[in-house]
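> Take a look at the following structure, please.
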Ligand SMILES: Cc1cc2nc3c(=O)[nH]c(=O)nc-3n(C[C@H](O)[C@H](O)[C@H](O)COP(=O)(O)O)c2cc1C
Ligand code: SF4
Ligand code: FES
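Protein chains in written order, with the working numbering: chain A, 44 to 253; chain B, 16 to 439; chain C, 23 to 744.
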């Protein structure tokens with residue numbers, strides 16, 4: 044985590060107008076994004092609840108929660124951009140800066156680091172840091188300590204990982220192939236020996252996800 | 016070993032599909048429940064003695080009974096934020112047996128008299144959320160969720176809401192704010208969610224495992240269920256074991272068995288030739304225990320008596336190859352990163368603690384700093400808006416108390432290293 | 023809506039039994055026992071407590087954890103400790119935590135000396151910090167808006183400012199970004215925080231993180247004085263506290279009066295004063311970015327009318343007399359040009375002009391004129407010059423019986439009724455522009471008490487009635503908030519009759535908390551009318567001997583030559599923001615002023631219109647240089663107090679009027695400001711017996727005093743809830 048949050052030293056520009064709820068007449072919103080946001084709003088008694096789903100959608104489209112993306116969401120949700128900016132900057136998965144299109148979250152919390160996560164992260168950084176297509180992040184516990192050390196590659200959990208797995212992991216991601224199919228969490232049986240695994244012997248793993 | 020309840024058939028191919036789930040008797044409990052009155056279902060839940068599996072260990076039946084009667088809009092929220100370091104039990108259920116959760120929610124909602132429910136799932140659980148969505152679609156199709164469930168006059172909507180990465184959103188009131196589309200800041204309590212929760216309406220919040228257990232309780236009957244486990248900790252519990260053990264993973268145990276049996280018997284203990292240095296019995300928020308505590312029965316009260324907590328049921332084992340300072344730093348950094356920043360002691364205290372540990376690590380500290388650090392932990396505990404602050408202060412405090420010599424040695428060695436470096 | 027009312031309970035604090043209203047928060051209840059519990063984030067004006075700063079932790083017997091006094095309602099029999107070692111340690115630790123990242127730049131901090139963090143650190147802190155790590159440092163101060171600077175190093179994250187933006191003014195422009203120790207206060211993507219009430223965050227901030235850019239480094243708390251007064255820049259008449267240094271007003275702060283302003287100020291009232299007092303120098307001409315932004319915001323339906331008349335380029339006048347400047351000495355037109363002259367000369371000339379015009383003189387009073395000034399003006403006109411042609415209604419006269427009906431005490435709604443009513447019908451006015459602070463009151467009512475609001479335009483009387491009936495379904499307590507312009511025009515009286523009929527139909531006069539509330543066109547519109555500045559009645563809406571011409575007729579009569587002289591008391595019929603100009607048929611005043619043989623004006627700033635048409639201009643002071651009374655739209659008589667020296671040769675209007683009258687042979691028998699007030703109170707039946715002492719700092723609603731009302735019968739409503 045950076046020692047300084049960017050923005051601490053940022054002043055307001057008095058030449059700009061105040062950021063009010065964007066005017067639909069002058070704010071271009073891609074139709075598919077508008078649809079996703081409007082659909083999300085119908086799911087809740089209170090439209091504000093759609094903020095996170097809407098920001099997820101905008102991030103998918105724009106690559107990050109850019110000012111433009113936030114203004115578009117604000118326009119559809121009829122809230123101020125500041126409201127959404129405040130929400131977006133609170134959550135780890137919503138990006139406030141432009142990032143590579145492939146996300147690699149390496150878990151560096153206790154259980155993973157006990158099993159070599161820090162070396163793994165170093166390896167990933169070494170191979171991907173200067174590749175603009177990757178967004179490498181050291182992440183807090185991703186809830187998969189049973190496959191420690193692990194990473195979430197574009198949302199797919201893989202582990203346990205050896206540093207030597209890294210090159211293929213990145214290649215798979217680049218090529219749009221399933222990432223390290225044999226190491227995906229999706230294919231893993233429960234560890235508990237009593238969990239009737241004798242009745243269901245290690246069966247063919249469900250096909251791996253991308 | 017009693018029969019599996021939660022992990023029964025867990026790895027059967029396709030269990031996550033409605034067909035297989037039903038073939039295994041799925042949704043019979045919901046039928047059974049709908050044949051009873053909500054009050055009767057509530058009786059079963061109370062009789063079962065089921066305590067919450069999310070961390071606080073509060074009796075589920077009691078919580079349901081706290082919801083006011085009446086026609087106002089009430090809500091049920093399933094907490095699937097599972098972010099406590101070392102915890103991954105809910106993930107297993109969500110991914111492999113989503114219907115048992117949906118069934119549990121349907122039953123609990125019926126008992127609580129709510130017709131709107133949400134599952135708040137952490138954003139990182141992409142696969143699990145997709146599985147849930149698919150299962151939910153099937154359940155709607157089959158009439159288990161929606162208008163007039165199974166032609167009863169009980170209706171229920173269920174929405175899967177994906178979070179965006181913030182540990183604090185596991186805290187129930189922060190979760191509610193987040194679900195309302197705000198920053199995930201905890202709320203002042205009182206009012207408690209049961210009276211004023213989501214959209215100001217009475218709200219029942221339960222953990223995935225808690226709700227997934229409900230169908231078993233209805234199937235067995237509360238009394239029967241209560242016979243499993245020990246008096247104040249009934250039933251079975253999923254335990255996530257991780258860290259320095261040979262077979263990390265989820266295990267379903269009967270509450271009250273010796274911790275040693277879990278760590279050594281099931282998870283295979285630490286790697287060859289290593290000794291356990293300390294272990295977290297309930298996620299990284301729990302004060303650490305030592306090898307001396309290995310025979311503590313694994314249930315809520317016994318672990319509490321041993322000076323820690325069962326928490327989310329996540330055991331993290333740390334062997335003697337790990338410097339305690341590294342461990343403390345990991346823990347402190349995590350909570351600094353996750354502190355929402357709303358209240359002073361947590362925001363500043365986690366930040367300060369990390370800075371002190373970094374000095375200790377780099378050799379710019381004296382043993383006196385340990386006393387300051389310990390007192391800072393005391394100033395955090397009990398003085399914060401929610402217990403995230405305590406969640407750092409308790410384990411850090413326990414580490415200082417139990418491993419003081421090692422801290423002091425570390426300080427001394429680091430200082431010497433520093434000086435050598437300076438003269439070199 | 024029923025007002026909250028509390029029965030008294032007894033609880034024990036630090037060993038003493040104390041009485042307090044039940045369910046008051048402990049920090050407030052404690053005050054009843056003279057116990058102070060320190061707070062940072064607690065500010066009831068912002069809504070429910072957030073319990074964030076943890077400064078207010080106290081020990082309550084029977085509860086294990088320490089509790090936040092700001093969010094714990096006091097109950098009968100509660101036993102509270104604020105002095106126990108546990109509590110003291112917790113307080114010391116919170117102060118220590120807060121100071122970890124707070125810079126030690128108090129010596130150069132504007133807040134120094136009036137800083138809650140300083141006071142609380144001193145009173146409850148430990149004096150030493152065990153934090154030896156380097157403090158964080160940011161660039162500072164940064165511009166948050168044209169008016170406000172932010173110093174993020176100093177911020178203690180109490181959430182007050184963002185809560186104001188989000189939950190009071192509801193503009194939601196100011197937010198917290200990031201999380202945890204990284205959180206900071208900001209706007210979206212570097213946009214300025216520009217909103218009608220933004221300045222309040224400066225006062226809310228408990229540290230020096232938010233400061234006024236115009237006040238920065240202007241003064242230190244120990245070399246300033248505070249003077250309470252009333253802002254007369256709009257009809258809301260908010261109570262203000264003026265910070266004065268060397269006889270000059272350095273800043274304007276709110277002086278909480280729940281019955282008037284709820285403790286808030288609009289940015290116009292807070293920031294416009296200096297320009298008013300100093301005049302807008304040519305250097306600033308057109309360069310006032312702030313007011314431009316405000317205009318954009320107001321165009322976006324979210325702002326405020328532009329502040330005092332923006333300067334146009336100075337005209338080439340050898341005597342340095344230019345538009346926009348503060349008039350600080352008498353000006354006399356001589357050879358087509360305004361030149362500074364002595365008071366003697368100016369008074370002599372004006373006396374002569376009025377002598378000549380006699381009964382063919384007309385007078386208008388507006389903007390900041392006090393009751394006393396208006397009262398004496400109408401005496402000058404009626405008694406000295408024998409002319410009944412005086413008016414203070416920009417929109418022209420209303421039949422006397424209508425004025426009286428509207429002034430009926432039992433029909434009169436007051437400001438706090440806007441908050442607690444079931445419904446408010448906003449009729450022919452825009453509170454945000456006409457009386458901004460009322461906009462906050464309406465929002466509060468809607469947010470906290472479910473108040474329903476409907477806005478209608480007055481030209482459609484059916485729509486008005488239907489809206490009112492719709493609202494009254496929500497509950498009987500209905501307030502109709504209407505603008506003076508509703509009664510304007512040829513069919514104005516017909517509309518007012520319809521309004522009165524509607525009030526009758528809904529029996530607003532009989533229902534507590536219901537009624538009518540008019541926003542007059544000028545700041546002291548109500549006061550001037552009640553003081554007798556109307557063509558068709560005397561002081562207190564009494565029967566006048568002879569009816570005179572109203573504003574519109576005066577304009578016409580001047581244009582036609584029927585009238586010859588015009589006396590303007592703080593009115594500029596051609597002024598950009600002057601209601602008299604707004605209400606006039608276009609062009610009419612231009613002709614009128616051009617034809618008039620004499621135009622005499624009391625003015626603070628030199629406007630284009632006066633520069634072209636006035637024969638004599640007397641320097642008048644803005645409200646901080648005045649002494650007198652004004653009357654709030656809901657009938658609250660309030661005191662305007664002099665806080666600053668009269669600039670240059672400025673003289674109070676009342677003195678000038680009295681002097682002129684004397685020169686014209688009539689002694690109005692007023693020698694001091696107090697005498698002027700006393701005369702006024704004697705002349706207006708329903709002000710009878712009022713004294714400046716009684717009015718005091720909070721004002722007095724005359725309807726709530728026990729005396730004879732306009733109609734003759736005693737008021738139906740006494741001062742319940744007062
Ligand atoms: C900082 C913090 C994080 C928490 N995280 C979780 C979580 O990830 N999942 C969860 O179920 N409960 C979590 N809890 C506990 C919840 O607040 C709440 O007690 C629980 O969801 C109630 O459900 P239960 O009674 O079924 O356990 C957390 C509590 C705190 C203070
Ligand atoms: S800027 Fe001032 S008011 Fe705003 S949060 Fe910081 S300290 Fe509080
Ligand atoms: S004043 Fe009570 S927590 Fe801030």
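Virtual Cβ for every residue (Gly too), placed ideally from N, Cα, C.
Of all the options C:501, C:669 and C:561, which has the alpha carbon lying nearest to the alpha carbon of residue 404 (chain C)?
Translated into the one-based positions of the third chain, residue 404 (chain C) becomes position 382. Considering only alpha carbons, the answer is C:561.
> Measuring CB atoms only, is the region 211 to 221 of chain C touching the region 592 to 606 of chain C, in the sense that at least three cross pairs come out at less than 8 Å?
With the cut-off at 8 Å, the region 211 to 221 of chain C and the region 592 to 606 of chain C do not touch.
> Going residue by residue through the region 176 to 250 of chain C, where are the continuous alpha helix (DSSP H) segments of at least 4 residues, counting only ones entirely within it?
Fully enclosed alpha helix (DSSP H) runs of 4 or longer: 182 to 185 and 222 to 226.
> Do the region 473 to 487 of chain C and the region 281 to 300 of chain C make contact, defined as three or more Cβ pairs closer than 8 Å?
Judged by Cβ distances under 8 Å, the region 473 to 487 of chain C makes no contact with the region 281 to 300 of chain C, as fewer than three pairs qualify.
> Tell me whether residue 182 (chain C) counts as near ligand 2, meaning its Cβ is closer than 7 Å to at least one heavy atom of that ligand.
Your numbering for residue 182 (chain C) matches position 160 in the third chain. Yes, the beta carbon of residue 182 (chain C) sits closer than 7 Å to at least one heavy atom of ligand 2.
> Considering Cα atoms alone, identify which of A:195, A:189 and A:85 is closest to residue 138 (chain B).
Within the second chain, residue 138 (chain B) is the residue found at index 123, counting from 1. Comparing Cα-Cα distances from residue 138 (chain B) to each of A:195, A:189 and A:85, the minimum goes to A:195.
> Measure how close the beta-carbons of residue 79 (chain B) and residue 127 (chain B) come, nearest whole angstrom, since I'm counting them as under 8 Å.
Here residue 79 (chain B) is taken as the residue at index 64 of the second chain, counted from 1. Here residue 127 (chain B) is taken as the residue at index 112 of the second chain, counted from 1. That belief holds up - the Cβ atoms of residue 79 (chain B) and residue 127 (chain B) are roughly 5 Å apart, short of 8 Å.
> Among A:96, A:90 and A:141, which has the Cα closest to the Cα of residue 108 (chain A)?
As a first step, residue 108 (chain A) must be located in the first chain, where it is residue number 65. Nearest option by C-alpha distance: A:141.
> So what does DSSP say about residue 60 (chain A), is it helix, strand or coil?
Residue 60 (chain A) sits at position 17 when you count from the first residue of the first chain. Three-state result, residue 60 (chain A): coil.
> Between the region 60 to 68 of chain C and the region 162 to 182 of chain C, do three or more beta carbon pairs fall short of 8 Å?
In short, these stretches touch, since the Cβ pair count reaches three.
> Do the region 682 to 701 of chain C and the region 394 to 409 of chain C meet, that is, are 3 or more Cβ pairs less than 8 Å apart?
These segments touch.
> My guess is that residue 386 (chain B) and residue 375 (chain B) are in contact by the Cβ rule of under 8 Å, so how many angstroms apart are they, rounded?
The residue given as residue 386 (chain B) occupies position 371 in the second chain. The residue given as residue 375 (chain B) occupies position 360 in the second chain. Incorrect: roughly 12 Å between the Cβ atoms, too far for contact.
> Using a Cβ-based criterion (distance less than 7 Å to any ligand heavy atom), does residue 75 (chain B) qualify as near ligand 1?
Within the second chain, the letter at position 60 stands for residue 75 (chain B). Checking every heavy atom of ligand 1 against the Cβ of residue 75 (chain B), one is found closer than 7 Å.
> Using only CA atoms, which one of A:55, A:220, A:205 and A:116 lies nearest to residue 71 (chain A)?
Taking the first residue of the first chain as 1, we reach residue 71 (chain A) at position 28. Nearest C-alpha to residue 71 (chain A): A:116.
> Listed from N- to C-terminal order along the chain, which residues in the region 150 to 183 of chain C have their beta-carbon within a distance smaller than 7 Å of any beta-carbon of chain B?
Here the close residues are 152, 153, 155 and 179.
> Quick one: give me the first and last residue of the alpha helix (DSSP H) that residue 611 (chain C) is part of.
Residue mapping note: residue 611 (chain C) aligns to position 589 of the third chain, counting from 1. Element bounds for residue 611 (chain C): 610 to 617.
> If you drop the 5 nearest sequence neighbours on each side, which residues of the same chain put their C-beta closer than 6 Å to that of residue 45 (chain C)?
The residue you call residue 45 (chain C) lines up with position 23 of the third chain. Excluding sequence neighbours, residue 45 (chain C) sits near 95.
> At 8 Å on the CB atoms, spell out the chain D contacts of residue 123 (chain A), in chain order.
Of the protein chains in the structure, A, B and C, none is chain D.
> In the region 244 to 259 of chain B, which residues sit with their C-beta less than 7 Å from some C-beta in chain A, listed in chain order?
Answer in chain order: 255, 257, 258 and 259.
> In this structure, does DSSP put residue 200 (chain A) in helix, strand or coil?
Within the first chain, residue 200 (chain A) is the residue found at index 157, counting from 1. Residue 200 (chain A) falls in the strand class under three-state DSSP.
> Please list the terminal residues of the continuous beta strand (DSSP E) segment that includes residue 90 (chain B).
For the purposes of this step, residue 90 (chain B) is taken as residue 75 along the second chain, with counting starting at 1. Residue 90 (chain B) -> beta strand (DSSP E) spans 90 to 95.
> Given a limit of 7 Å on CB to CB distance, which residues of the region 76 to 93 of chain C reach chain B?
For the region 76 to 93 of chain C, which is checked against every Cβ of chain B, the residues closer than 7 Å are 76, 79, 87, 88 and 93.
> So, does the CB of residue 71 (chain C) fall closer than 8 Å to a CB anywhere in chain B?
The residue you call residue 71 (chain C) lines up with position 49 of the third chain. Closer than 8 Å to some Cβ of chain B, the Cβ of residue 71 (chain C) qualifies, so yes.
> From which residue to which residue does the beta strand (DSSP E) around residue 348 (chain B) run?
Numbered from 1 along the second chain, position 333 holds the residue referred to as residue 348 (chain B). First-last for residue 348 (chain B): 339 to 353, but that is the alpha helix (DSSP H), not the beta strand (DSSP E).
> For residue 16 (chain B), would you say it is in contact with chain A, using Cβ-to-Cβ distances shorter than 8 Å as the test?
Position 1 of the second chain holds residue 16 (chain B). Reliability fails at residue 16 (chain B), whose pLDDT of 47 lies under 50, so the model's placement of it is uncertain and no value is given.
> Counting only beta-carbon atoms, is residue 463 (chain C) nearer than 8 Å to chain B?
Working through the third chain from its first residue, we reach residue 463 (chain C) at position 441. Output row for residue 463 (chain C): interface = no.
> Using a Cβ distance threshold of 8 Å, determine whether the region 216 to 234 of chain C contacts the region 628 to 642 of chain C, with at least three qualifying pairs required.
Judged by Cβ distances under 8 Å, the region 216 to 234 of chain C makes no contact with the region 628 to 642 of chain C, as fewer than three pairs qualify.
> Could you please give the first and the last residue of the uninterrupted alpha helix (DSSP H) stretch that includes residue 105 (chain B)?
Along the second chain, read from residue 1 onward, the residue named residue 105 (chain B) stands at position 90. Residues 104 to 111.
> If we count the other Cβ atoms within 10 Å of its Cβ and call it buried at 16 or more, is residue 330 (chain C) buried or exposed?
Within the third chain, residue 330 (chain C) is the residue found at index 308, counting from 1. Confidence at residue 330 (chain C) is low in this model, with a pLDDT of 39, below 50, so the placement of that residue should be treated as unreliable; the coordinate-derived value is given next. Its Cβ being crowded by 16 or more others within 10 Å, residue 330 (chain C) is buried.
> Could you compute how far the alpha carbon of residue 188 (chain A) sits from the alpha carbon of residue 336 (chain B)?
For the purposes of this step, residue 188 (chain A) is identified with residue 145 of the first chain, where counting begins at 1. For the purposes of this step, residue 336 (chain B) is identified with residue 321 of the second chain, where counting begins at 1. So the two alpha carbons sit approximately 19 Å from each other.
> How about residue 156 (chain B) and residue 45 (chain B): are their beta carbons less than 8 Å apart?
Taking the second chain and counting its residues from 1, one reaches residue 156 (chain B) at position 141. Taking the second chain and counting its residues from 1, one reaches residue 45 (chain B) at position 30. No, the Cβ-Cβ distance between residue 156 (chain B) and residue 45 (chain B) is not below 8 Å.
> Can you find a C-beta in chain C that's less than 8 Å from the C-beta of residue 348 (chain B)?
Residue numbering aside, residue 348 (chain B) sits at position 333 when the second chain is read from its first letter. No, residue 348 (chain B) lies away from the interface with chain C (no Cβ there is under 8 Å from its Cβ).
> Which ranges does the beta strand (DSSP E) cover as unbroken runs of at least 3 residues, wholly within the region 459 to 544 of chain C, from first to last along the chain?
Fully enclosed beta strand (DSSP E) runs of 3 or longer: 474 to 478, 500 to 505 and 537 to 541.
> On the DSSP bridge list, what partners appear for residue 294 (chain B)?
The residue you call residue 294 (chain B) lines up with position 279 of the second chain. In the DSSP output, where bridge partners are listed per residue, residue 294 (chain B) has B:304 and B:332.
> Under the assumption that residue 159 (chain B) contacts residue 53 (chain B) (Cβ atoms under 8 Å), give the Cβ distance between them as a whole number of angstroms.
The residue given as residue 159 (chain B) occupies position 144 in the second chain. The residue given as residue 53 (chain B) occupies position 38 in the second chain. So it is not a contact: roughly 17 Å between Cβ atoms.
> If you measure from the beta carbon of residue 103 (chain C) to each beta carbon in chain B, is any gap under 8 Å?
Translated into the one-based positions of the third chain, residue 103 (chain C) becomes position 81. Chain B contact via Cβ: absent.
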